[in-house]
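The structure under discussion appears below in the form of structure tokens.
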Amino acid sequence: MRRMVGRPPYLWALFVSVLVLAGLLSSLAPSVTFWDAGEFVAAMKVLGIPHPPGTPLFVTMGHVFGMLVPFGEYAFRTNLLSALFASAAAGGWFLVLEEAAGRYLGDEEGRNRTGLRIAAATAGAIIAAFGFTNWLNSNETEVYSVSTFTIAAVTWLMLCWRAARGSESGGRYLLLAGYLLGVAIGNHLLGLLVGPAVVAFMVAELRGRPASDPVVRRKEWGDAAIMAGLWVLLTGIGLGSQALIGVGGAAFLAALVYAARQGELKFGLILLGIALVGVTPYLYLYLRAGQHPMINEADPSTWSALLDVIRRAQYGVRTPFDDPTFLHEDPANPGRGFRIIALQVANYIQYFDWQWAKGVESAILGIPGRTLVMLLFGFLGIRGFRAQWRSDRSGAWLFLALFLVTGPGLMGYMNFRPGYSIGFNWYPEVDQHEVRERDYFFVVSFVVWGLWAGLGLLALVRQVAAQFSTTGRRLMAYPVFLLALVPYLFNFREADRR
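So for the sequence shown, the working numbering puts the first residue at 6; every next one is plus one.
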């Protein structure tokens, strides 16, 4: 089996986390910000229940953290919690990208290999951390930095599983990943969207490098089937969908039967139990609502009300097939047409354009400077994906599945109305648009692109270094990595919440 390319540099990961935290502290909101953050802060303070789905894990973590931190006003403390999770996520992404860089470099770089890996991983983690949307999510009391951390942790655990294949510890990494998938539901369903990437990674790894022992090979395929079935089941639980829970339960049962035939029944049952323990923070909503806290939205003090909260029943129904500017039950709803889809794609491209230099307003030869920077990082991301695809196919599937699910896939599923800044010539009424821009839903896809951009910088540095004959001269290529500072420098004005 292919092990880790060298010992994981955990101290460097800690350094990157501290570096990102310093950048976030330079722009952290000192008090309450707009939209949902104020409601979350108040709910954390009084142990209340915010709007559905209630985010019980986020509320209870914030309450404990707010008590432990002895300085600053309460909103500052909970804002700091988001920054800490975002910086921890950056450390996790550093580890993931350092491993990817090591596989890309192979044994070609000699003494410079370690330095290049560290530099590339640092660059990618910084680009991802200070992309516009991720930065805004990290500066206030919001659920998305916790979700991003969860996804980074699960991604790293899957790389650890790959390195430990064939040993007893391999299954332990899967158990911990399963727990994080379960516990993610109590914060936000975004964290659960790493599930398809986990399955894609395991399938690609097992197909590309099957175990030599047929018994081990069958057990590993059993583990992959169980992880797939578990994800479907947890998705049904997170959405409160009885139909999807039934499908997920059937899928998990089928996977469990298959795994049992491979000798993995015990593993499957333990994984299910651990994942369901992770879901238990939702009991907080039921127990706390019965005590009538000052903030008690939807009052989930009965099982039916709790199910309505989990289902998000108060928001009404909107399927991926509806025209979102109409109500689902409206007989005049024409269905999701080309115009809506075109605006949704345009919105996603617009949000992608914001990520790398949101504060740049000047133009060069008539082309907006922000768009030129977007094209640069678009090129670097494509180059990074190509480098990963050629050197680490299963790792590339992990990143690609995560990008597709949290970007285009989420765009298709959520079926948003046109964004607040586009489409008024076709949809002139304000209620035909989203009340605010929804870029934060797609944040993980932007993070993945930032990681690819870090690998793209590594490929570019290697190309520049190849023009020099000596090691000393090759070091002249390293300043190319400073391009990773572009998002921090050019997004600061827009992301600063002070």
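Ideal Cβ placement from N, Cα and C applies to all residues, glycine included.
In the DSSP annotation of this structure, the continuous segment of the alpha helix (DSSP H) that includes Thr138 starts and ends at 137-143. Going by beta carbons, Ala264 and Gly273 fall inside the 8 Å limit.
When Gly412, Glu103, Thr83 are compared, the shortest CA-CA separation from Val199 is found for Gly412. In this structure, the alpha-carbon of Ser217 lies about 15 Å from that of Ala169. A buried status is given to Ser152, since no fewer than 16 other beta-carbon atoms sit within 10 Å of its beta-carbon. Residue Val46 holds the alpha-carbon nearest to the alpha-carbon of Gly67 among Leu494, Val46, Gly77, Pro13. Each of Tyr79, Pro423, Leu348 was checked against the Cα of Thr146, and the nearest Cα belongs to Tyr79. Counted as a single uninterrupted DSSP element, the alpha helix (DSSP H) harbouring Pro219 occupies residues 219-244. Bridge pairing for Asn301: Ile54 [DSSP]. Going by DSSP, Lys271 is part of the alpha helix (DSSP H) stretching over 270-284.
With a cutoff of 8 Å on beta-carbon distance, Val101 and Thr138 are scored as not near each other.
With respect to Ile345, Asp328 sits close: the two C-beta atoms are nearer than 8 Å.
Distance from the CA atom of Val51 to the CA atom of Pro339, rounded to whole angstroms, is 45 Å. Here Gln360 carries a helix assignment [DSSP, helix/strand/coil]. Bounds of the alpha helix (DSSP H) holding Asn84 are 79-110. Of Leu186, Val204, Arg323, Gln349, the smallest CA-CA separation from Val282 is found for Leu186.
In terms of Cβ geometry, Gly251 and Leu312 do not form a close pair [threshold 8 Å].
Counting only the Cα atoms, Ser426 lies some 48 Å from Leu261.
Taking a contact as a CB-CB distance under 8 Å, the pair Arg341 and His333 does not count as one, their CB atoms being some 11 Å apart. Looking at the backbone, the Cα of Leu276 and that of Leu162 are separated by about 15 Å.
Taking Trp40 as the centre and dropping the five residues before and after it, the same chain places the C-beta of Arg441 closer than 8 Å to its C-beta, in chain order. Close CB contacts of Ala133 within its chain, under the 6 Å cut and outside five residues either way in sequence, are with Trp98, Val452, Gly455, Leu456 (chain order). The count of Cβ pairs closer than 8 Å, one atom from the region 200-215 and one from the region 398-413, reaches three, so the stretches are in contact.
Contact between Arg443 and Phe421 holds: their C-beta atoms lie close to 5 Å from each other, under 8 Å. Looking from the CA of Pro325, the closest CA among Leu86, Pro305, Gly417 belongs to Gly417. Within the model, the alpha-carbon separation for Leu89 versus Leu26 is close to 7 Å. Look at Phe446 here: in three-state DSSP terms it is helix. In this structure Gly96 touches Ala18 by the C-beta definition: roughly 4 Å separates them, less than 8 Å. Between Val410 and Ala93, the C-beta spacing is not below 8 Å. Residue range 200-213 is occupied by the alpha helix (DSSP H) that includes Phe206. The continuous alpha helix (DSSP H) containing Phe257 extends over residues 247-266. Counting every other CB atom within 10 Å of its CB across the protein chains shown gives Pro55 a total of 16 or more, marking it as buried. DSSP places Trp431 outside both helix and strand once states are collapsed to three, so it counts as coil. Here Asn420 carries a coil assignment [DSSP, helix/strand/coil].
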